[in-house]
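The structure appears right after this line, and notes come after that.
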Amino acid sequence: MTKARSFLPENSPRRAETGDAGARDSFAHVETFVFDLDNTLYPSDCDLWPKIDARITLFMMHRLGLDGLSSRALQKHYYHAYGTTLRGLMQDHDVGAEEFLAFVHDIDRSTLLPNLLLAEALTHLPGRKLILTNGSRDHALQTAKALGLEALFEAVFDIADADFVPKPHAATYERFFDKHQVDPLRSALFEDLSKNLIVPHQRGMKTVLVVPKPGKIDHRDAIEKAGPERPPHVDFITSDLENFLLDLLAEDGTDEKEATPPQSF
């Protein structure tokens with residue numbers, strides 16, 4: 382098995398260069414692995430999120446009759462006030478969710494290449510694998526397909542499943558736990574936004590913050606970027622999701638539980 386190199390232990394705010402068997406011990410009880418989508422299953426230096434961000438601005442220009450700067454300012458106001466721009470548009474302008482989601486996720490994904498190492502890690506990772514996203518189901522399916530991961534997840538819980546109440550609202554996680562019969566005490570969540578790990582940590586999930594690889598561009602807004610210190614609700618930090626997951630697997634394979642075959646989306 383490929384040796385992992387990216388494990389970051391709980392007492393360090395920076396990425397470690399070598400693995401630690403303690404990671405496997407910390408995740409030994411985990412039966413369900415939950416992943417955010419954007420800037421997590423693909424890295425934050427990818428051009429997908431800037432494309433979506435630009436489509437949101439364009440939608441608002443057309444729908445509200447605003448110029449680009451005004452649309453951009455209102456877009457960010459809604460994002461910070463409501464958690465998603467969509468929720469603000471639904472509340473204040475009666476915008477239909479399906480119309481918005483179809484438009485903003487209509488992007489070119491050709492720059493997103495299959496991630497063979499991540500596919501290997503997910504294939505051998507024991508237990509259930511689920512996607513929990515503030516985006517749409519269709520966006521998650523298309524993105525997972527572009528990454529070569531579409532067959533490796535049991536299900537997607539999207540913003541419609543959350544009744545358009547986004548992470549980090551506690552109600553969203555409760556809906557997710559109930560819909561997919563997830564025991565948070567036996568689960569782990571991988572996310573690129575620290576604030577989205579607060580409630581899961583309170584509910585007993587093992588939490589992993591996925592940060593950009595050193596030296597790579599981070600297309601996210603400044604407020605979304607992690608600080609230099611590890612918050613108390615973050616158990617682990619990694620800039621290399623693929624090898625972090627591989628490090629959770631027993632090196633000799635003797636302690637590996639048989640991977641649970643994924644069901645269809």
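Residue numbers (the numbering used here): 382 to 646.
Note that CB positions come from ideal geometry on N, CA and C, so glycine has one too.
Note that the structure is a prediction, hence the values are computed from the model and not measured.
Quiz item: Would Asp616 be called buried (16 or more neighbouring beta carbons within 10 Å of its own) or exposed?
Solution: As a position in the sequence shown, residue 616 is number 235, starting the count at 1. Asp616 is buried by the Cβ-count criterion.
Quiz item: Can you list, in chain order, the residues of its chain whose CB lies under 6 Å from that of Phe557, leaving out five sequence neighbours each side?
Solution: Numbered from its first residue, the sequence shown carries residue 557 at position 176. The beta carbon of Phe557 lies closer than 6 Å to those of Leu513, Phe538 in the same chain, with the five residues before and after it left out.
Exercise. Please classify Phe408: does DSSP put it in a helix, a strand, or coil?
Key: Walking along the sequence shown from the start, residue 408 turns up at place 27. If DSSP states are grouped into helix, strand and coil, Phe408 belongs with coil.
Quiz item: By Cβ distance below 8 Å, which residues in the same chain neighbour Val411 in space, the five residues on each side in sequence not counted?
Solution: Translated into positions along the sequence shown, residue 411 becomes position 30. Same-chain partners within the cutoff: Gly508, Arg567, Ser568, Ala569, Lys587.
Quiz item: So what does DSSP say about Phe481, is it helix, strand or coil?
Solution: As a working mapping, residue 481 is identified with position 100 in the sequence shown. Helix at Phe481.
Self-check item: For Glu391, three-class secondary structure by DSSP
Solution: Taking the sequence shown and counting its residues from 1, the one referred to as residue 391 is at position 10. With a pLDDT of 40 at Glu391, under the threshold of 50, the modelled position of that residue is not reliable, and the figure given next carries that caveat. If DSSP states are grouped into helix, strand and coil, Glu391 belongs with coil.
Quiz prompt | DSSP state of Lys510 mapped onto helix, strand, coil | solution = The residue labelled residue 510 in the question sits at position 129 within the sequence shown. Under the three-state reduction of DSSP output, Lys510 falls in the strand class.
Quiz item: Which of the three DSSP states, helix, strand or coil, is assigned to Ala543?
Solution: Taking the sequence shown and counting its residues from 1, the one referred to as residue 543 is at position 162. Three-state DSSP puts Ala543 in coil, outside helix and strand.
Practice problem: Classify Asp419 as buried or exposed, calling it buried when 16 or more other Cβ atoms lie within 10 Å of its own Cβ. | Solution: Numbered from its first residue, the sequence shown carries residue 419 at position 38. Sixteen is the threshold: when 16 or more other Cβ atoms of the shown chains lie within 10 Å of the Cβ of Asp419, as they do, the residue is buried.
Self-check item: Leu626 (DSSP reduced to helix, strand or coil)
Solution: The residue given as residue 626 occupies position 245 in the sequence shown. Helix, per DSSP.
Exercise. Work out the CA separation of Glu531 and Pro595 for me, nearest whole Å.
Key: Along the sequence shown, read from residue 1 onward, the residue named residue 595 stands at position 214. Along the sequence shown, read from residue 1 onward, the residue named residue 531 stands at position 150. Cα to Cα, Pro595 sits roughly 28 Å from Glu531.
Quiz item: How is the beta strand (DSSP E) around Leu570 delimited, first residue to last?
Solution: Position 189 of the sequence shown, counting from 1, holds the residue named residue 570. Residue range 568-572 is occupied by the beta strand (DSSP E) that includes Leu570.
Quiz prompt | Paired residues, beta bridge with Ile618 - DSSP | solution = Counting from 1 along the sequence shown, the entry for residue 618 is found at position 237. The secondary-structure analysis by DSSP pairs Ile618 across a beta bridge with Leu590.
Exercise. Report yes if the CB atom of Thr421 is closer than 8 Å to the CB atom of Val591, and no otherwise.
Key: Walking along the sequence shown from the start, residue 421 turns up at place 40. Walking along the sequence shown from the start, residue 591 turns up at place 210. Result yes, Cβ atoms of Thr421 and Val591 sit closer than 8 Å.
Practice problem: Verify whether the separation of the beta carbon atoms of Phe545 and Phe416 is less than 8 Å. | Solution: The count along the sequence shown starts at 1 and reaches residue 545 at position 164. The count along the sequence shown starts at 1 and reaches residue 416 at position 35. Contact check for Phe545 against Phe416 fails: the beta carbons are separated by 8 Å or more.
Self-check item: As assigned by DSSP and simplified to three states, the class of Thr413
Solution: Walking along the sequence shown from the start, residue 413 turns up at place 32. For Thr413, the secondary structure class from DSSP, reduced to helix, strand or coil, is strand.
Quiz item: Quick check: the segment 474-481 against the segment 440-458, are there 3 or more CB pairs under 8 Å?
Solution: Yes, the segment 474-481 touches the segment 440-458.
Quiz item: Measuring CA to CA, which of Leu482, Thr524, Asp406 is closest to Leu493?
Solution: Indexing the sequence shown from 1 puts residue 493 at position 112. Of the candidates Leu482, Thr524, Asp406, Thr524 places its Cα closest to the Cα of Leu493.
Quiz prompt | Counted within 10 angstroms of its Cβ, other Cβ atoms place His461 as buried (16 or more) or exposed | solution = Within the sequence shown, residue 461 is the residue found at index 80, counting from 1. Looking at its Cβ environment, which holds fewer than 16 other Cβ atoms inside 10 Å, His461 is exposed.
Exercise. Might you give, ordered along the chain, the residues of its own chain that have their beta carbon closer than 8 Å to the beta carbon of Tyr423, omitting 5 neighbours on each side?
Key: Stepping through the sequence shown from its first residue, residue 423 is reached at position 42. Only Leu429, Leu493, Asn496, Thr524, Leu528 meet the Cβ criterion.
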